[in-house]
Amino acid sequence: MLPSMLRLERLRRDHAPALLAFEQENQEYFTRSVPDRGDAYFVEFSSRHRALLAEQEAGLCHFHVVLDEQGDLIGRVNLVDVEGGAAELGYRIGERAAGRGIATAAVGEACRLAVAAYRLSALRAVTTLDNPASMTVLERNGFTAVEDISIDGRPGIAYRRQLGATR
Numbered sequence: 001m002l003p004s005m006l007r008l009e010r011l012r013r014d015h016a017p018a019l020l021a022f023e024q025e026n027q028e029y030f031t032r033s034v035p036d037r038g039d040a041y042f043v044e045f046s047s048r049h050r051a052l053l054a055e056q057e058a059g060l061c062h063f064h065v066v067l068d069e070q071g072d073l074i075g076r077v078n079l080v081d082v083e084g085g086a087a088e089l090g091y092r093i094g095e096r097a098a099g100r101g102i103a104t105a106a107v108g109e110a111c112r113l114a115v116a117a118y119r120l121s122a123l124r125a126v127t128t129l130d131n132p133a134s135m136t137v138l139e140r141n142g143f144t145a146v147e148d149i150s151i152d153g154r155p156g157i158a159y160r161r162q163l164g165a166t167r
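Using full-length UniProt numbering, the first residue of the sequence shown is number 1, and each one after it goes up by one.
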């Protein structure tokens, strides 16, 4: 469950300006631990945002933003590639909110929603080995390492979590 001062909201059209600002503000920070989205992501942001909303409407993905007590967007948590009762979890918390347990709480809430709202039975996630914070978030939320992988040429690990009773 998210602390009362945080909210996880399903992605909407009106989140676009705040989401773009969040991604721009944290671009350098994110590229230290995840592959860079590249400049095209920002140039094509509006059309990409519309496409994400269409995927969400079709039930292929479930996108969420994390808002702090002031309503500022400080992260995102997504369930993508929904198929056969499973999805892949992805998340990112901005630099100014990092290290405060927000990612752990937001991922926990996404796991709860995966069962309660989206009726999923399993989640997958991946992270690079040089991102121990991400590994900790996954492990604290009941994910189990299942295999070593390569993510854009970087050593990584794949995780899985069977869903059932919410944590």
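Even for Gly, the Cβ is constructed at its ideal location relative to N, Cα and C.
(request) Could you tell me whether the Cβ atoms of Val77 and His62 are closer together than 7 Å? (result) no
(request) Starting from the C-beta of Gly38, find all residues in its chain whose C-beta is less than 7 Å away, skip the five residues before and the five after it, and write them out in chain order. (result) none
(message) Only counting the same chain, and skipping five residues up and downstream in sequence, which positions put a Cβ closer than 6 Å to that of His49?
(response) Ala16
(request) Use the C-beta contact count for Ala58: other C-beta atoms within 10 angstroms, 16 or more gives buried, fewer gives exposed. (result) exposed
(message) Going by DSSP in three states, Glu69 sits in which element: helix, strand or coil?
(response) coil
(request) Identify which residue in Gly142, Arg160 and Gly75 has its Cα closest to the Cα of Leu20. (result) Gly75
(request) Decide if Thr128 is buried, meaning its Cβ has at least 16 other Cβ atoms within 10 Å, or exposed. (result) buried
(request) Put Ala103 into one of helix, strand or coil per three-state DSSP. (result) helix
(request) Enumerate, from N- to C-terminal direction, the unbroken beta strand (DSSP E) stretches of 3 or more residues contained entirely within the stretch 112-163. (result) 122-128, 144-151 and 154-162
(message) Taking the straight line between their C-alpha atoms, what separation do you get for Arg161 and Arg124?
(response) 6 Å
(request) Taking the CB atoms as reference points, tell me whether Leu163 and Val115 lie closer together than 7 Å. (result) yes
(request) Quick one: measure Cβ to Cβ for Ala106 and Tyr118, integer angstroms, because I've assumed they're closer than 8 Å. (result) Actually they are not in contact, since the Cβ atoms of Ala106 and Tyr118 sit about 16 Å apart, beyond 8 Å.
(request) Report all residues from its chain with a CB closer than 7 Å to the CB of Phe143; omit the five preceding and five following residues, and keep chain order. (result) Ala125, Tyr159, Arg160 and Arg161
(message) So, with DSSP's three-state summary, where would you put Gly108?
(response) helix
(request) Would you tell me roughly how many angstroms separate the C-alpha atoms of Ala103 and Cys111, rounded to the nearest one? (result) 12 Å
(request) Assign Gly156 to one of two classes, buried (16 or more other C-beta atoms within 10 Å of its C-beta) or exposed (fewer than that). (result) buried
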